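Trainee: Following this message is one structure expressed as structure tokens.
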Amino acid sequence: MRALGWMGALLALVVSCGGGDGGAAAGGGSAKTMVVGFAQLGAESNWRTAETRSVQDEAQRRGIELKFSDAQGQQENQIRALKGFVGMNVGAILLAPKTETGWDNVLADVKRKGIPVVLLDRGVKVADESIYTTLIASDFVEEGRKAAQWLVDATGGKCRLVELQGTVGSAPAIDRQKGFLEVLAKHPGMEVLLSQTAEFGLAKGKEVMEAFLKAKGKEIQAVYAHNDDMALGAIQAIEAAGLKPGVDIRIVSIDGGKPAFEAMVAGKLNCVVECSPLLGPMAFDALERLQRGETLPKRIVVDDRVFTAEQAAAELPNRKY
Ligand code: AHR
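Residue numbers (this note's numbering): 395 to 715.
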């Protein structure tokens, strides 16, 4: 039964795509365009806005009708959106899940309807992995390792630092901490003084950093931020405390957006580990492969690089988000 449902979804995609404005399908076919639902978790960061834009632009470029839902940071809204997409009988669903858990029931329902689900940028923890088709994302554990390694190298393995975590229960917050701590465990001179979530947001990053500075003041030698927005908030808090970000307190963050590169050029941020939000082309390539009847790998990994302040000026003009 399940296999039939799956095939049905593939056929739905093929039929609905034929003769769309992209005009990709040979032999004409129906005048309908491919309909894809995108359940986005919100707009908490510059990164996420860039991801949304990338998916929307790519859908438009390919003549795909995109049903977009912004869950405003609430998992319940994302679940409601998935049910709504099923009701609309979309050909496929893109899901950027807020947290790792809580998806078993709704994704099993979507699968029963024969609609393939491509997870975008964040993974889920489910008992039955067949309820989603593939995950297109960066390796968040590796990003955490790279951030830690940079900090170890920059400080000679001796540093007291604070950590600004992303959204509690989200794959990037869990994995970026895991990878970071894995490297730190080999360097006893690296000490995490305080660690708290700032929910991937700039304002919250500033607020939590202010509290860190109040509690530990000049003991803090470095900040590890799970994303750029929180690092930018921390920079504001450090400046307000009369200290020099990037000099008195080293900062390493993840994402690598334009504002972070500008901060590096200004000498206020020391290093970024890239995490690309430009996933639209990869997402629709994956759906087109499904449409052609190909089996996708369970995981499609996005490549990330590391940039230091010294490289920032040369790279800044190339940043697309
Ligand atoms: O899932 C990717 C993370 O989510 C990005 O690093 C962060 O900026 C975003 O909000």
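The beta carbon of each residue, even a glycine, is placed where N, CA and C say it ideally should be.
Source: prediction; values computed, not measured.
Taking the DSSP output, what are the residues bridged to Met584?
Mentor: Cys553
Trainee: How should Asn440 be labelled, buried or exposed, when 16 other C-beta atoms within 10 angstroms of its C-beta is the threshold for buried?
Mentor: The residue is buried, with at least 16 neighbouring Cβ atoms inside 10 Å.
Trainee: Between the alpha carbons of Pro653 and Val700, how many angstroms are there, rounded?
Mentor: 16 Å
Trainee: Only counting runs of 4 or more residues, tell me where the alpha helix (DSSP H) segments fall wholly within the stretch 450-518, in order along the chain.
Mentor: 469-481, 498-506
Trainee: One question on the structure: do Gln559 and Ser589 come within less than 8 Å of each other, judged by their Cβ atoms?
Mentor: yes
Trainee: Is it buried or exposed, Asn621, if we count other Cβ atoms within 10 angstroms and call 16 or more buried?
Mentor: buried
Trainee: For Gly611 and Leu555, I'd like the C-alpha separation in whole angstroms.
Mentor: 11 Å
Trainee: Provide the residue span of the alpha helix (DSSP H) that contains Gly431, from first to last.
Mentor: Here Gly431 belongs to no alpha helix (DSSP H); instead the beta strand (DSSP E) covers 429-434.
Trainee: Where do the N-terminal and C-terminal ends of the alpha helix (DSSP H) with Arg683 fall, by residue?
Mentor: Taken as a continuous stretch (DSSP letters only), the alpha helix (DSSP H) holding Arg683 covers 674-685.
Trainee: Please look up how many angstroms separate the CB atoms of Ile530 and Leu673, rounded, as I've assumed it's under 8 Å.
Mentor: 6 Å
Trainee: Taking Leu596 and Gly627 to be in contact with their CB atoms under 8 Å, please state how far apart those CB atoms are, rounded to whole angstroms.
Mentor: 4 Å
Trainee: Take the Cβ of Ala708 as the centre, count every other Cβ of all protein chains shown within 10 Å, and call the residue buried at 16 or more, exposed below.
Mentor: exposed
Trainee: How many Å lie between Glu459 and Val480 at the Cα?
Mentor: 15 Å
Trainee: So Val520 and Asp498 are in contact, right, with Cβ under 8 Å, and what is the actual spacing, rounded?
Mentor: Contact holds; Cβ gap of about 5 Å.
Trainee: Using 8 Å as the threshold, is the C-beta distance between Ile632 and Met603 below it?
Mentor: Yes, they are a contact pair.
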